[in-house]
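The opening residue of the sequence shown carries number 1 in the working numbering; numbering runs sequentially from there.
We treat Cβ as the ideally placed atom computed from N, Cα and C, and that holds for glycine.
Quick caveat, the model's predicted, so the values are computed rather than measured.
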Amino acid sequence: MTSTQSITFHPTPMTISLSVLAIVAALVLSWLAIRRNHFRQSAWLLETLRVALIVAAVILLNQPEWTEEFRPSEKPTIVVLADQSYSMNTRDEIQRSRSAESTSDDLLGTPVTRRDLIEPLLAKETWLSLQEKFDVVIQPFSNEDPSGASDLASPIEASMQDHANLRAIVLASDGDWNSGGSPMDPATRLRTRGIPIISVPVGSLNRLPDIEVLSFDLPSFGIAGKAVNVPLTIDSSLPRATPVTIKLEGSDGSTQSKELVIQAMGRTSTSFIWKPTNVGNYDLTVSIPLQPDELLTDNNQRTATIAIRAERLKVLVVEGYPRWEYRYLRNALSRDPGVEVSCLLFHPGLAKVGGGSKDYISEFPNALEDLAKYDVVFIGDVGLGDNQLTSEQCRLLKGLVQQQASGLVFIPGIYGKQLSLLESPLAELLPVVFDEGQPEGWGSRTPSHFELTELGRRSLLTRLADTPEENLSIWENLPGFQWHAPIIRAKAGSEVLCVHQEAANSHGRIPLLVTQPFGAGKVLFMGTDGAWRWRKGVEDRYHYRFWGQVVRWMAYQRNMAKGESMRLYYSPEQPNVRQTVFLNANVVEKNGEPLAKGDVTARIVGPSGASQSVRFASSGEEWGAFAAKFTPQEPGSHRVTLRCQTTDATLETDLLVQGGLAERLGKPARPEVLEELARVTHGQTIRPDQVAQAIETLQQLTPPPLEIRRWHLWSHAAVAATLIGMLAVFWIGRKMAGLV
């Protein structure tokens, strides 16, 4: 880069006249002063300095400027940016014309990919005619990985930073950006520099005819012999409703099919119920037959993996009196082969706790290592008081839920003992507000019934049948209850699954089945003790199923991955790509006590082999709880190895990152994005077959403007300081000469 310097003035007739008069007056007055002082040498020096000061002031009056011009010595650069993201593999028409009256594309050729359309722009031969005047740099951006994101802003920004003499950008893309900042930000800076963008949009404005299995979400694990709900969502861009037969095939040889009508131009959700029989890892594949008018054939099938385990959940039931609800609940849990139940019956007023069978324990497990073994705890009609729970035991139960991801179920009774828990650490866990003026609740001679809310109809917790219609019918016909707790309303943040069919207050229907997350665990409140009546006429069909689902639902997260001395659970259970995953671990020492402090890390290896390590921080020293987080960058199964350096224990599990592809085939192009970039930068928009027009436009570009730097000498601080210094010298000289 070369530069030239010059000084320029900006006089006016007025300043010129004043300048001449000032200089003439200065010369005359100085001459008179010299004569008056008999031509002494000091007089000559002082008057010469006076004239110099006046001349300097006259020069500044005419606004002098120091100018430097910088001219690039190298040729201007044109950057050709070509989108290579996965969505560019979508097959669109090779030629298209768009009429001024219509926004739709008129397809004229055979289908080719968007990448094929811009392929000529990547050839150096295309830009040979510009080589004499410009340096042409061809720069593909993004990548072909479906999990990779498409970023338009970053390549534009990089072009500005990497090429000091940038003159124009040619941008070829489908406009589908899903990562990074808005491309309008760097485009605005290009406009201020006079650098245009010539945009080349490709791709159809209309989505291709297609049926896609959009999501196929399996839980992290299942239990042998227990049904697993397999939800899936299907997305269709076909202009008609399509009847299909969906198949679910398992690697165990099982096959299911379902007739379904897929909605036109929308999403359809359905589910299968799959029941594994043996322990192990299974692959489940859902598939939809290819339709005659589909253009995309590789997204009608998806496969996911699920681990099936043997189950042994530990449940603690704490009750005050042996009421009917307690007796039937205890029977239901003790007869469940996947549950190991322990019961503590206080019998308030008696000298010792009740019991007699092997299911009973003699006292509350006050040691942390003993209490931490329980996955779910049921609290019946029991509260604070003699021969009941203590405040310290309530604090331990709170920590069990908050730090160990256990579940806590409240089942109040007619004695109203649970209201005393409002004065304990468990008050924060109760998901409802009690009417403290009516501690014994409300009874009725006529049976009342549950009514499912909208959340309850969708919840797996309340599913007593395989179809929504049959499930709703069962809940409407369940035997009624004749007592409910004194509930005013549900707390904020809770989810109401069932309400009283008739009873209501100023807050609405009385909530009877309420859930709420708390810390790492879950809380459930059952507002009546009449669930045992569900056995009428059907024995254990609904009663056993409901409480079995409650136990497994509340213990699910806690048992995602567990070993002899470590547990690992995470949220969300089925994360998407680039979604933050919160990891929680519980670690115990070799003697069974929770690890208060330790070095806990996890190594996470993605499907591509890329790995990262995360370090856990202690979140509850008393309970051996540790927490960390990470963000997956690719879909698929991630191998997680949890290690504690303190205890030398390890635990391995798989974390499945569901779908979440950043780039998808068949999505409509977004030419409006590129058109706006061209408009903002005063460029133009062309079709891929109009490269000659683009070259002609580039040939007409003028050289980049000179970089000019100006310094206003008349207002510069250094000049002002020099004048003040000269004035000081002048007055000091007059003082020394005896003229003042």
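Cβ pair count under 8 Å reaching 3, the region 510-529 against the region 493-502: Flag = yes, the region 510-529 and the region 493-502 touch.
Distance between PRO289 and LYS247 (C-alpha atoms, nearest Å): Pairing LYS247 with PRO289, the inter-Cα distance amounts to about 9 Å.
Residues of its chain near GLN693, where Cβ-Cβ distance is below 6 Å and the 5 sequence neighbours each way are ignored: Residues ILE686 of the same chain have their beta carbon placed closer than 6 Å to that of GLN693, with the five preceding and five following residues left out of the count.
Integer-rounded CB distance, given that ILE23 should sit under 8 Å from ILE54: Confirmed, about 7 Å.
Helix, strand or coil at PHE364 [DSSP, three-state]: The answer is coil: DSSP assigns PHE364 none of H, G, I, E or B.
When PRO11, GLU696, ALA26 and ILE732 are compared against PHE134, the one with the closest alpha-carbon: Among PRO11, GLU696, ALA26 and ILE732, the Cα nearest to that of PHE134 belongs to GLU696.
DSSP three-state assignment for LYS275, whether helix, strand or coil: When DSSP states are grouped into helix, strand and coil, LYS275 belongs to the coil group.
Alpha carbon of ALA427 to alpha carbon of LEU329, nearest angstrom: LEU329 has its alpha-carbon roughly 24 Å from the corresponding atom of ALA427.
Proximity below 7 Å, CB of TRP483 to CB of PHE450: Cβ distance not < 7 Å, so TRP483 and PHE450 don't count as in contact.
Bounding residues of the alpha helix (DSSP H) (the contiguous stretch that carries VAL20): Where VAL20 is concerned, the enclosing alpha helix (DSSP H) starts and stops at 13-36.
Reduced DSSP category for TRP817 - H, G, I as helix; E, B as strand; rest coil: Shown here, the chain extends from 1 to 740; a query on residue 817 therefore has no answer.
Per-residue burial, SER150 [other beta carbons within 10 Å of its own, 16 or more giving buried]: It is buried - the Cβ of SER150 has at least 16 other Cβ atoms within 10 Å.
Where ASN331 sits in the DSSP three-state scheme: The answer is helix: DSSP assigns ASN331 an H, G or I state.
Any alpha helix (DSSP H) of 4 or more consecutive residues that is wholly inside the region 449-487: As for any alpha helix (DSSP H) of minimum length 4 sitting wholly inside the region 449-487, the runs are 454-458 and 468-477, ordered along the chain.
Runs of alpha helix (DSSP H) wholly within the region 695-736 (minimum 4 residues, chain order): Runs found: 717-736.
Cβ separation of SER406 and ARG240, assumed to be a contact under 8 Å, to the nearest whole Å: That belief does not hold up - the Cβ atoms of SER406 and ARG240 are roughly 50 Å apart, past 8 Å.
Three-state class that DSSP yields for LEU49 in the structure shown: The three-state reading of DSSP puts LEU49 in helix, counting H, G and I together.
Spatial distance of TRP177 from VAL318 (CA atoms): C-alpha separation (whole angstroms): 56 Å.
Residue span of the alpha helix (DSSP H) that contains PRO201, given as start and end: Boundaries for PRO201: no alpha helix (DSSP H) harbours it, while the beta strand (DSSP E) harbouring it runs 197-201, taken from the DSSP string.
Stretch pair the region 586-599 + the region 356-373: three plus CB contacts closer than 8 Å: Taking a cut-off of 8 Å for Cβ pairs, the region 586-599 and the region 356-373 touch, as three or more such pairs fall below it.
Residue(s) in a DSSP beta bridge with TYR569: ASN584, per the DSSP bridge assignment.
Sufficient close CB pairs (3 or more, under 8 Å) joining the region 671-690 to the region 598-607: No: fewer than three Cβ pairs fall under 8 Å.
GLY519, buried or exposed, once every other Cβ within 10 Å from all chains shown has been counted against 16: By the neighbour-count criterion, in which a residue is buried when 16 or more other Cβ atoms sit within 10 angstroms of its Cβ, GLY519 is buried.
Alpha-carbon spacing of ILE361 relative to GLN549, whole angstroms: Straight-line Cα distance between these residues: approximately 24 Å.
Nearest-angstrom Cα separation, counted from LEU713 out to TRP44: In this model, TRP44 and LEU713 are separated by some 29 Å (Cα to Cα).
Extent of the continuous beta strand (DSSP E) run through PRO517: First-last of the beta strand (DSSP E) with PRO517: 508-518.
Proximity below 7 Å, CB of PRO186 to CB of ALA227: With respect to the 7 Å criterion, PRO186 and ALA227 are not classified as neighbours on the basis of their beta carbons.
For TYR799, the three-state DSSP class (helix, strand or coil): The chain is shown from 1 up to 740; residue 799 falls before or after that span and cannot be answered.
Contact under 7 Å by Cβ, VAL79 with ILE211: With a cutoff of 7 Å on beta-carbon distance, VAL79 and ILE211 are scored as not near each other.
Beta-bridge partners of PRO243, as assigned by DSSP: Partner residues in the beta bridge of PRO243, as assigned by DSSP, are VAL261.
contact_flag[the region 638-648, the region 578-590] where n(CB pairs < 8 Å) is 3 or more: Contact holds: three or more Cβ-Cβ distances are below 8 Å.
Inter-residue Cα distance where the pair is THR12 and ASN62: Rounded to whole angstroms, THR12 to ASN62 spans 7 Å at the Cα level.
Start and end residues, alpha helix (DSSP H) containing THR395: Residue identity check: residue 395 is Arg in the sequence provided, not Thr. 391-404 is the extent of the alpha helix (DSSP H) around ARG395.
Among TRP31, GLU69 and ILE197, the one whose alpha carbon lies nearest that of ARG709: The residue with the shortest Cα to Cα distance from ARG709 is GLU69.
8 Å CB neighbourhood of SER774 in its chain, flanking five on each side removed: In the structure displayed, the chain extends from 1 to 740; residue 774 sits before or after that span and is not available.
Beta-carbon gap between GLY416 and GLU440 smaller than 7 Å: Going by C-beta atoms, GLY416 is nearer than 7 Å to GLU440.
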